[in-house]
Amino acid sequence: MKQARPKYQVFVSSTYRDLHDARERVTWAILNARHIPAGMENFTATNDRGWETIRRVIDLTDYYVVILAGAYGSIDETTGISWTQREYEYALERGIPVLGFIRADTHITQADVEKDAAKQAKLITFKARLKKQHLVQEWTDAEDLARKVVEALRNHIHDDEDRRCPRPGWYRGDSIDFSSTVADELARLSAENEALRRQVEEVKGGKRVCLELTDAYDNVFVDSSEVAYEVPKYVLNRESAAIVDAVTGVVSSSHSEYERFLDRANRSMTFHARVRNTGNKPAKEVTVDLEFEGCEQVNLVGYEAPSVPEHLRGIAPRWKMDTARHVYIDRTFGRGGKVCVRQRVKNIAPGVAEDLVYFLVRAEAMDANGWSVTCSYSITDADGARTKGSFLLVTQFKTQEALSEEQVAARFK
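Structure representation (structure tokens):
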């Protein structure tokens with residue numbers, strides 16, 4: 105179907121007695137240009153009801169054409185200005201584009217010159233204002249006026265379209281293409297509007313979901329804060345080295361392998377968090393995205409020492425990613441130099457905190473005092489509730505401790 109083009113409504117305003125023929129010629133020219141002329145040339149707004157009718161017509165107008173010559177016109181007793189000027193000022197107030205046309209003085213006959221001195225002064229002021237605020241064209245006769253009105257209208261329409269701010273215009277109902285694509289978009293917008301309406305009603309009624317991220321001790325991770333934990337710095341003595349060999353089932357004679365294992369152990373910690381719903385409405389289908397910057401990897405299993413057999417590496421416990429569970433890890437992935445973990449919680453009742461699946465976070469680097477990574481988080485639910493923030497996760501070495509059998513085993517279970 106050919107794309108429908110709008111027809112624009114054009115309000116033509118002028119005095120009636122001296123410009124009747126010129127207005128009629130302009131009206132036909134607008135019709136020939138396939139637009140809709142409007143005006144009140146045969147109507148005198150002598151009361152408030154009449155003025156309301158004029159206002160309604162102007163409200164539906166796309167472009168306003170004002171034509172002036174030698175007469176000022178009849179005066180509105182309420183405002184003290186002519187009805188033509190009152191129409192102009194209302195169109196200006198409504199933000200409707202104005203196209204002004206003033207007849208050349210040399211083509212105004214003596215019979216059409218304003219005789220009343222007060223009106224003549226108001227006409228001079230009106231013309232001066234029009235010239236100052238708009239691009240006004242001078243015209244000589246009715247034919248010249250009609251041609252200039254249509255040309256100016258066409259140029260204004262094209263300019264508005266080029267600036268991507270066209271006037272509303274009018275369309276025939278059967279000229280609009282309601283294709284399946286348009287229908288689908290309308291259906292999508294309608295569903296989105298309905299969801300937003302429900303959310304507004306729930307907020308007004310005091311029902312809402314409010315989600316926050318806490319650590320295992322229910323301390324809230326405040327946005328842009330620093331969260332510090334004191335941890336021991338692991339050292340490897342002969343006894344703990346033997347434990348590593350026993351647990352992994354591989355005997356290593358290389359001291360450097362133990363050192364690498366120890367380095368990864370000291371750059372890692374278990375990240376155990378909770379999501380709490382402090383609202384008074386259940387949160388459904390909650391998604392928790394955790395994004396770590398300055399992180400080498402997240403490990404669902406434990407530490408992967410070089411001495412661990414290949415078949416034991418990267419095997420996560422099945423329960424951690426079991427979609428049948430109430431809380432599970434959806435996936436882990438890298439994005440833009442960051443390591444991400446996505447977890448899902450099927451629902452969280454009001455006032456309840458759900459433990460997320462724990463995992464190990466390994467920093468890219470550390471110094472003698474500890475290490476840090478930045479964690480950004482986003483928590484959403486099926487109804488659009490959202491909580492976002494970030495914090496600096498810091499570990500500080502305070503004591504030294506040899507690895508126990510349990511600590512080594514925890515990394516290879």
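Our numbering numbers the first residue of the sequence shown as 105 and each following residue consecutively.
Where is the CB? At the ideal position from N, CA and C, for every residue including glycine.
Owing to the predicted nature of the structure, the values given are computational and were not obtained by experimental measurement.
- Alpha carbon to alpha carbon, how far is G406 from R371? Reliability fails at G406, whose pLDDT of 44 lies under 50, so the model's placement of it is uncertain and the value that follows must be treated cautiously. Computed Cα separation, rounded: 12 Å.
- Task: Give the secondary structure of I171 by DSSP, where H, G and I count as helix, E and B as strand, and everything else as coil.
- Result: strand
- Item | Contact under 9 Å by Cβ, Y176 with F115 | no
- Task: Would you mind stating whether L496 and V445 have Cβ atoms separated by less than 9 Å?
- Result: no
- Query: From K111 to I134, what distance separates their C-alpha atoms?
  - Reply: Their backbone Cα atoms lie some 10 Å apart in a straight line.
- Item | Nearest-angstrom beta carbon gap, I162 and E128 [assumed within contact, 8 Å] | Not really, about 20 Å apart at Cβ, beyond 8 Å.
- Based on Cα-Cα distance, which residue from D263, P272, A173 lies nearest to I140? P272
- Message: So, with DSSP's three-state summary, where would you put V253?
- Response: helix
- Task: Could you tell me the distance, in whole angstroms, from the CA atom of G204 to the CA atom of D220?
- Result: Between G204 and D220, the C-alpha separation is close to 23 Å.
- Message: Please list the terminal residues of the continuous alpha helix (DSSP H) segment that includes T131.
- Response: Run containing T131: 124–136, per the alpha helix (DSSP H) assignment.
- Between the C-alpha atoms of A235 and R109, what's the straight-line distance to the nearest angstrom? Note that residue 235 corresponds to Lys in the displayed sequence, not to Ala. Answer to the nearest angstrom: the Cα atoms are 32 Å apart.
- Looking at the unbroken alpha helix (DSSP H) that takes in A195, where does it start and where does it end? 187–197
- Identify which residue in A173, W243, L300, C269 has its Cα closest to the Cα of E218. The shortest Cα separation from E218 among A173, W243, L300, C269 belongs to A173.
- Buried or exposed: Q447, going by 16 or more other Cβ atoms within 10 Å of its Cβ? buried
- Message: Taking 6 Å as the limit between beta carbons, can you name the residues of its chain near F230, skipping five residues before and five after?
- Response: Q189
- If A126 sits next to I171, beta carbons under 8 Å apart, how far is it from one beta carbon to the other, in whole angstroms? 7 Å
- Task: Leaving out five residues on either side along the sequence, give the residues of the same chain with a beta carbon under 6 Å from the beta carbon of I261.
- Result: none
- Item | Length of the line joining the Cα atoms of G474 and K337 | 8 Å
- Message: Going by DSSP, what residue range makes up the beta strand (DSSP E) through R371?
- Response: Careful: R371 lies outside any beta strand (DSSP E) and carries neither H nor E.
- Message: How far does the alpha helix (DSSP H) with I452 in it extend, from its first residue to its last?
- Response: Not the alpha helix (DSSP H): I452 falls in the beta strand (DSSP E), residues 442–452.
- Item | Residues bridged to C479 (per DSSP) | F396, F495
- Query: Thinking C-alpha only, which one of V324, T182, I158 is nearest H376?
  - Reply: V324
- Length at least 4, wholly inside the region 204–250: the alpha helix (DSSP H) runs in chain order: Counting only runs of 4 or more, we get 221–237.
- Could you tell me how far apart the beta carbons of L366 and F463 are, in whole angstroms, since I believe they sit closer than 8 Å? Contact between L366 and F463 does not hold, since the beta-carbon distance rounds to 20 Å and is not under 8 Å.
- Item | According to DSSP, residues forming a beta bridge with D319 | A377
- Message: Quick check on Y333: buried or exposed, where buried means 16 or more other Cβ atoms within 10 Å of its Cβ?
- Response: exposed
- Message: Measuring alpha carbon to alpha carbon, tell me which residue in A246, K388, E247, A369 is nearest R312.
- Response: K388
- Which class does S329 belong to by DSSP, given the choice of helix, strand or coil? strand
- Item | Cβ-based neighbour list, A216, same chain, cut-off 7 Å, excluding 5 preceding and 5 following | For clarity, residue 216 is Asp in the given sequence; the question names Ala instead. Here D216 has D122, A173, G174, A175 as same chain residues with Cβ atoms under 7 Å from its own Cβ, once five neighbours each way along the sequence are excluded.
- Message: For a quick check, are the C-beta atoms of V402 and V449 less than 9 Å apart?
- Response: The answer is no: Cβ separation not under 9 Å.
- Figure out for me which residue from D319, D327, A291, V477 has the closest Cα to the Cα of S494. Looking at D319, D327, A291, V477, the one whose alpha-carbon comes closest to that of S494 is D327.
- Other residues of its chain near W274: CB distance less than 7 Å, five sequence neighbours each side excluded: P110, K111, Q113, I140
- Taking the alpha carbon of W187 as the point to measure from, which residue in N259, R267, E156 has its own alpha carbon closest? E156
- Name the one or two DSSP bridge partners that E458 has. V379
- Return the CA-CA distance between K492 and P454, expressed in angstroms with no decimal places. 19 Å
- Query: Near E242, what residues of its chain come up, given a Cβ to Cβ distance below 8 Å and the 5 sequence neighbours on each side ignored?
  - Reply: Around E242: F205, I206, R207, A208.
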